[in-house]
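Quick mapping for you: the protein sequence lines, in order, are chains E and F.
Using the numbering used here, read the first sequence as starting at 292 and increasing by one per residue.
Using the numbering used here, read the second sequence as starting at 90 and increasing by one per residue.
Where is the CB? At the ideal position from N, CA and C, for every residue including glycine.
Contents: one structure, followed by commentary.
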Amino acid sequence: GEDVEQSLFLSVREGDSSVINCTYTDSSSTYLYWYKQEPGAGLQLLTYIFSNMDMKQDQRLTVLLNKKDKHLSLRIADTQTGDSAIYFCAESPGSSNTGKLIFGQGTTLQVKP
Amino acid sequence: DVKVTQSSRYLVKRTGEKVFLECVQDMDHENMFWYRQDPGLGLRLIYFSYDVKMKEKGDIPEGYSVSREKKERFSLILESASTNQTSMYLCASNLLAGVEQFFGPGTRLTVL
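Next up, the structure:
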């Protein structure tokens, strides 16, 4: 079945780059997503990448997709304390046309001043 | 501005009570979803609905039911709440096969 895996915790110093990794199993996924959840809030879409792309850059965010290894990463350049949050990787299964998403466990990013 | 609202941010109920969690979206979205979020487990899909009166089970439907009488409103029902249903519940919506799911702020439910 479909599955998405992430490490649970990452700690970085302010100003460093953060890299959050994710692996998924469904090779027919059409889109892959990164959502951010700040404390006490719901999830907000950070960025997404279409499955035929290798890379997407949006200001401080870089998404890399390795389809062969089914590996997705999110790099945050110049990490700030405001980036402290839980980051969820998600895929839209190719078998589904209902807009359904499969989420990973979430990676808690701690940014130390 | 798109909006998904949930009826309560915090809720405390007793074991055996019937609990209603309500979600409303103002974007005319066809799809609506209920997830529960637990530390280390991420988001798990309980139920989703792709049209009025239509529903499908997600990955963990046991102990829950849902109702979608109007397009904008999707209710999650715990017929007889149990302590293992203490969790954060998140509602989301999107267009049919839309790219982005829009989330509500969540309801933190505690069952004593």
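For residue i, report the span of its beta strand (DSSP E) as first-last.
i, result
"residue 131 of chain F", "131–140"
"residue 367 of chain E", "362–367"
"residue 329 of chain E", "Where residue 329 of chain E is concerned, there is no enclosing beta strand (DSSP E), given that its DSSP letter is neither H nor E."
"residue 170 of chain F", "It is not in any beta strand (DSSP E) - residue 170 of chain F carries neither H nor E in the DSSP assignment."
"residue 301 of chain E", "300–304"
"residue 100 of chain F", "99–102"
"residue 399 of chain E", "398–403"
Could you pull out every residue in the same chain whose Cβ sits closer than 7 Å to the Cβ of residue i, ignoring the five residues on either side in sequence?
i, result
"residue 314 of chain E", "296, 361 and 362"
"residue 394 of chain E", "295, 379 and 381"
"residue 148 of chain F", "133 and 134"
"residue 127 of chain F", "176"
"residue 183 of chain F", "118, 120, 189, 190 and 191"
"residue 344 of chain E", "356"
"residue 351 of chain E", "367, 368 and 369"
"residue 93 of chain F", "112, 114, 180, 181, 182, 191, 192 and 193"
Going along the chain, which residues of its own chain have a beta-carbon closer than 8 Å to the beta-carbon of residue i, five neighbours each way excluded?
i, result
"residue 308 of chain E", "366, 367, 368, 369 and 370"
"residue 141 of chain F", "157, 158, 159 and 160"
"residue 201 of chain F", "101, 102, 103, 104 and 172"
From the options, pick the residue whose C-alpha is nearest to that of residue i; which is it?
i, options, result
"residue 119 of chain F", "F/147, F/170, F/97 and F/162", "F/162"
"residue 327 of chain E", "E/376, E/310 and E/401", "E/376"
"residue 189 of chain F", "F/199, F/122 and F/108", "F/122"
"residue 400 of chain E", "E/318, E/383 and E/372", "E/372"
"residue 136 of chain F", "F/180, F/201, F/99 and F/108", "F/180"
"residue 392 of chain E", "E/299, E/317 and E/303", "E/317"
"residue 304 of chain E", "E/374, E/346, E/397 and E/330", "E/374"
"residue 342 of chain E", "E/311, E/300 and E/323", "E/323"
"residue 404 of chain E", "E/311, E/306 and E/300", "E/306"
"residue 144 of chain F", "F/165, F/130 and F/131", "F/165"
"residue 129 of chain F", "E/329, E/390, E/310 and E/299", "E/299"
"residue 384 of chain E", "E/321, E/330 and E/402", "E/321"
Under 6 Å Cβ to Cβ from residue i, same chain only, skipping five residues before and after it: list those, please.
i, result
"residue 349 of chain E", "338"
"residue 197 of chain F", "99 and 177"
"residue 312 of chain E", "364"
"residue 346 of chain E", "355"
Worksheet item: For the 8 Å Cβ check, are there 3 or more pairs between the segment 92–104 of chain F and the segment 334–346 of chain E?
Response: Taking 8 Å as the limit for Cβ pairs, the verdict is that the segment 334–346 of chain E does not touch the segment 92–104 of chain F.
Discussion item. Closer than 8 Å between beta carbons: that is the criterion. Which residues of the segment 345–363 of chain E meet it against chain F?
Written reply: The segment 345–363 of chain E vs chain F, Cβ under 8 Å: nothing.
Fill in: Cβ contact (3+ pairs, closer than 8 Å) linking the segment 148–159 of chain F and the segment 344–356 of chain E
The segment 148–159 of chain F makes no contact with the segment 344–356 of chain E: fewer than 3 CB pairs, one atom from each, lie closer than 8 Å.
Worksheet item: Along the segment 318–334 of chain E, what residues have a CB closer than 7 Å to any CB found in chain F?
Response: For the segment 318–334 of chain E, which is checked against every Cβ of chain F, the residues closer than 7 Å are 322, 332, 333 and 334.
Practice prompt. Quick one: which residues of the segment 106–125 of chain F get their C-beta closer than 7 Å to a C-beta of chain E? List them in chain order.
Written response: Listed in chain order, the positions of the segment 106–125 of chain F with a beta carbon within less than 7 Å of a beta carbon of chain E are 120.
Fill in: Positions along the segment 140–154 of chain F whose CB lies within less than 7 Å of some CB in chain E
Interface annotation for the segment 140–154 of chain F against chain E: empty, criterion Cβ-Cβ distance under 7 Å.
Fill in: Interfacial residues, the segment 389–400 of chain E to chain F, with Cβ spacing under 7 Å
If the cut-off is 7 Å between Cβ atoms, the segment 389–400 of chain E has 389, 390, 391, 392, 394, 395, 396 and 397 near chain F.
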